[in-house]
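Numbering (the numbering used here), first residue to last: 374 to 560.
Here's what the structure looks like:
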């Protein structure tokens, strides 16, 4: 089962459970708020810890790939040359920004609009997304960088199985991108 379907199933299940929680009771609401805050602290703490692990490993292996082309333009993908350390730090940074965006959304939904159920659901979904994060699998769970965990990471398919183009790592695509970059420099 792909990640999008798992997220949907967990969200729907959490919504059913949340309906049975008496959020009108101030004590219950306080515990749900504490649970949400604790889950977000765990998530951010794990991401920051992974950042430290990546910096400590200092893997300077060169990583070359051709970025996926933009679907909105006819431009081919750009050549990216980086290190494993920098790539993993960038991916972890994206996860941290995503967590902060979720916290901001929850601040709006709960603080301004007074919705309470999303606190419970987002606490669960955040922990599930933490477990699914590829840098977590590589640097915390110790899984090898093979298959789905091979860098550059492929984007997971969307809700209806529509996949975004993956970065190209084959030698022919890299050579073609290097030629394009070389011809632009000559102009």
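C-beta atoms are modelled at their ideal positions from N, C-alpha and C, and glycine is treated no differently.
Among the options, which one has its Cα closest to the Cα of residue i?
i, options, result
"residue 438", "525, 459, 513", "525"
"residue 421", "440, 493, 457, 463", "463"
"residue 407", "492, 539, 500", "492"
"residue 504", "417, 385, 393", "417"
"residue 381", "554, 497, 517", "497"
"residue 379", "506, 501, 469", "501"
"residue 435", "454, 419, 441, 448", "454"
"residue 550", "383, 386, 442", "442"
"residue 527", "514, 387, 508, 515", "508"
"residue 547", "402, 450, 413", "450"
"residue 539", "387, 399, 440", "440"
According to DSSP, simplified to helix, strand and coil, what is residue i?
i, result
"residue 424", "helix"
"residue 541", "strand"
"residue 515", "coil"
"residue 547", "helix"
"residue 501", "helix"
"residue 493", "helix"
"residue 524", "coil"
"residue 416", "helix"
"residue 394", "coil"
"residue 387", "helix"
So, at 8 Å on beta carbons, what are the nonlocal neighbours of residue i in its own chain, with the 5 sequence-adjacent residues on each side left out?
i, result
"residue 432", "456, 457, 458, 461"
"residue 512", "423, 426, 427, 430, 461"
"residue 390", "493"
If you draw a straight line from the alpha carbon of residue i to that of residue j, how long is it in whole angstroms?
i, j, result
"residue 523", "residue 488", "40 Å"
"residue 452", "residue 466", "21 Å"
"residue 542", "residue 495", "35 Å"
"residue 479", "residue 375", "25 Å"
"residue 545", "residue 518", "22 Å"
"residue 474", "residue 499", "12 Å"
"residue 414", "residue 470", "14 Å"
"residue 516", "residue 468", "18 Å"
"residue 395", "residue 506", "32 Å"
"residue 481", "residue 514", "33 Å"
"residue 398", "residue 484", "17 Å"
"residue 486", "residue 477", "13 Å"
"residue 444", "residue 377", "21 Å"
"residue 328", "residue 392", "With the chain represented from 374 up to 560, any question about residue 328 goes unanswered, as that position is not in the structure."
Going by beta carbon distance, what residues of the same chain come within less than 6 Å of residue i, once the five residues before and after it are set aside?
i, result
"residue 409", "492, 496"
"residue 401", "395"
"residue 521", "none"
For residue i, which residues of its own chain have a beta-carbon under 7 Å away from its beta-carbon, when the five flanking residues on both sides are left out?
i, result
"residue 448", "442"
Segments of 4+ residues assigned as alpha helix (DSSP H) that fall wholly inside the stretch 429 to 491
457 to 479
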